[in-house]
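Residue numbers (this note's numbering), protein chains in the order written: chain B, 4 to 350; chain C, 4 to 350. Virtual Cβ for every residue (Gly too), placed ideally from N, Cα, C. Since the model is a prediction, treat every value here as computed from it, not as a measurement. As structure tokens, the structure follows; a few thoughts come after it.
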DNA sequence: CTGAAAGCGCTTACAG
DNA sequence: CTGAAAGCGCTTACAG
């Protein structure tokens, strides 16, 4: 780290003319337990301060088998939703005396597997993972190996694993019901290609609500391939426009932003031409001429609980309220989903 | 990490009936150098694969004195600019076989000092830091201790330290000149309270250009306190409005977004009521009715070079092109800064 | 009250 | 070609 090497416990012991054990014991606050004299404690601490000693965590880790490191795999740290989550994870982990190793999988299986492997080899004490499509086996293996693990944002319902997620079904149920209540019938959803449960549940929340509203004939879900979101989004929006969709619900923040981009390109006005409902807060939603109605998830709570859970698994503490955390969605109603004027007698 | 402990090099050696040294040598690809038999190499590798061996990096680190970890201190990982930077740092570090420990200082000195200390104790091989106001001493100490260090986004010109930053003077010079060329005279700047060089240089780029354009009488710099940006921004905007400012230049992305929020609240139209020039790309800029002209910084290059530099310092490699990197700004001209109509004969 | 010794998992001179 | 030994910095039984 520096040219003159850091002072070690050995250096302190030598300087004081005592054994390294003594120094270690004192510095770990176990002086009383070992009945070390007050004076000795003072001398050791003074020397430590004077020689600017700080413990080598790598050695402590090797010895203790703990690294005080939590590995985090999100899909993309530069995605606002995940960077917000990451910030909360960082803060909560710091509070509990952990540091965080972040990495981005780009929603890709191989990356996810590689990153998990690296993090485990790095000696992280536990893992917080946003699992991607196809990562079920990788996650199952971690569980088999008893690696402390918490899934965030998504989970595998058939795996016995801790997770901290939104109530996704309820989220889109709220959103769809709001659109129905506002008088919209032709309500379409824009999703992306994935088998992950969070999206499947969001889709269910929509279809279920549509059926209950006797609007099953208008159920319409488009699935975008993430490799080329903008152009696929454009195609979808063109189609929705042709079929006179009245309201569109986007299932992620990224899809929402892309959707707004395309509508702007197409010179379609929100909400005159089409009502719009987005996912997760964004400055964009609030700064448009028609502030966008969106589903808000309490990501602070989700992230906090994820850290609590993983630390509980590592240390046996009980910071988390429960084995799993399912957060309540909230609908922030703004101007992009106004009451629809329905002319009497016509559809 | 797991209930049945991980297989170590010792387990492999025992299973194969050879020494641990042999196993270590083979696994590190030094078989040729030590002239180990082909067959032995195969046996060792097969066993390693079969027993699912992966090296304990903590032990390797202790032994080698390297952690393959780079510590990063940004002001806030959830700020889009820094999360973008962080993502590039992550990717480049991974390419060079490093992992990254991110942390957020919130522009606060004590946090910065604490985080740096923790990261150094964690045994990071090097540091990439966005320094905050007042952190000069902390940075100087790192340099004194020969900690491999690169500053990003800002630097201390009087310190002999590597850095990777934007050409801030040029950035605001470009921006101000553009506004002048478009016919604006009453051009105000919104900055925030700091002594950091990047902001001072941005201010200089503005004042310098104003002077050269003989507009010194219109030089006007407002400095917002970050503890309460929204309400202070509102006050500033009210004042600019009263004094009939024609164009406003915001010196960071956060200030730009806040500025747009306030103008919207005040029902002031861009660019009819006031022309607007922002800093760093944002979806918000592109999705407004009048897409916003902004200063674009090549953050990919800045982040890449920062990693190259710090790895060079750690390993003596030569990935970086130079000792310091000063990136070229680019002005993305959109609709928020149109040519101003100047009636002949009048000011 | 305090020290000598072992050991965490690894790598690297040093022998043979 | 291969093994025994030392040591990275630390902590913790074990002696005394």
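Integer-rounded CB distance, given that residue j should sit under 8 angstroms from residue i
i	j	result
residue 264/B	residue 290/C	7 angstroms
residue 328/B	residue 308/B	4 angstroms
residue 70/C	residue 127/C	6 angstroms
residue 177/B	residue 336/B	Contact doesn't hold; Cβ gap of about 10 angstroms is too wide.
residue 112/C	residue 138/C	6 angstroms
residue 133/C	residue 76/C	6 angstroms
Contact with chain B by residue i, beta-carbon distance below 8 angstroms
i	result
residue 306/C	no
residue 64/C	yes
residue 152/C	no
residue 6/C	Low confidence applies to residue 6/C: its pLDDT is 43, below 50, so where it sits in the model is not reliable enough to give any reading.
residue 276/C	no
residue 328/C	no
residue 125/C	yes
residue 353/C	A question about residue 353/C goes unanswered here, because the residues of chain C that appear run from 4 up to 350.
residue 79/C	yes
residue 349/C	Residue placement at residue 349/C is poorly supported in this model, since its pLDDT is 47, which falls under 50; the coordinates still yield a value, given next. Answer no: the Cβ-Cβ gap between residue 349/C and chain B never drops below 8 angstroms.
residue 61/C	yes
residue 237/C	no
residue 333/C	no
Distance CB(residue i)-CB(residue j) smaller than 8 angstroms
i	j	result
residue 427/C	residue 168/C	Outside the modelled stretch of chain C, which goes from 4 to 350, sits residue 427/C, for which no answer is possible.
residue 312/C	residue 165/C	yes
residue 179/C	residue 193/C	no
residue 261/C	residue 226/C	no
residue 79/C	residue 109/C	yes
residue 338/B	residue 301/B	no
residue 129/C	residue 257/C	no
residue 216/C	residue 183/C	yes
residue 89/B	residue 105/B	yes
residue 131/B	residue 92/B	yes
residue 340/C	residue 296/C	yes
residue 205/C	residue 171/C	yes
residue 96/B	residue 187/B	no
residue 39/C	residue 25/C	yes
residue 158/C	residue 200/C	yes
residue 16/B	residue 65/C	no
residue 314/C	residue 101/C	yes
residue 254/B	residue 202/B	yes
Buried or exposed (CB count within 10 angstroms, at least 16 for buried), residue i
i	result
residue 259/B	buried
residue 2/B	Nothing can be reported for residue 2/B, as the shown portion of chain B is limited to 4 through 350.
residue 274/C	buried
residue 13/B	exposed
residue 332/B	buried
residue 5/B	Note that residue 5/B scores 41 on pLDDT, short of 50, meaning its location in the model is unreliable; the coordinates nonetheless yield the value given after this. The residue in question, residue 5/B, is exposed, as its Cβ has fewer than 16 Cβ neighbours within 10 Å.
residue 285/B	buried
residue 144/C	exposed
residue 185/B	buried
residue 349/B	With a pLDDT of 47 at residue 349/B, under the threshold of 50, the modelled position of that residue is not reliable, and the figure given next carries that caveat. Residue 349/B should be labelled exposed.
residue 74/B	buried
residue 52/B	exposed
residue 321/B	exposed
residue 22/B	exposed
Per DSSP, cross-strand counterpart(s) of residue i
i	result
residue 226/C	194/C
residue 297/C	281/C and 335/C
residue 166/B	154/B
residue 74/B	104/B and 130/B
residue 330/C	169/C
residue 253/B	193/B
Residue-level contact to chain C via CB, residue i, 8 angstroms cutoff
i	result
residue 267/B	yes
residue 156/B	no
residue 354/B	Outside the shown range of chain B, which is 4 to 350, sits residue 354/B, and nothing can be said about it.
residue 204/B	no
residue 142/B	no
residue 48/B	no
residue 120/B	yes
residue 108/B	no
residue 263/B	yes
residue 301/B	no
residue 242/B	no
residue 105/B	yes
Any non-hydrogen atom of the ligand FMN within 7 angstroms of residue i CB
i	result
residue 94/C	In terms of ligand content, the structure shown is empty, and the ligand FMN therefore cannot be addressed.
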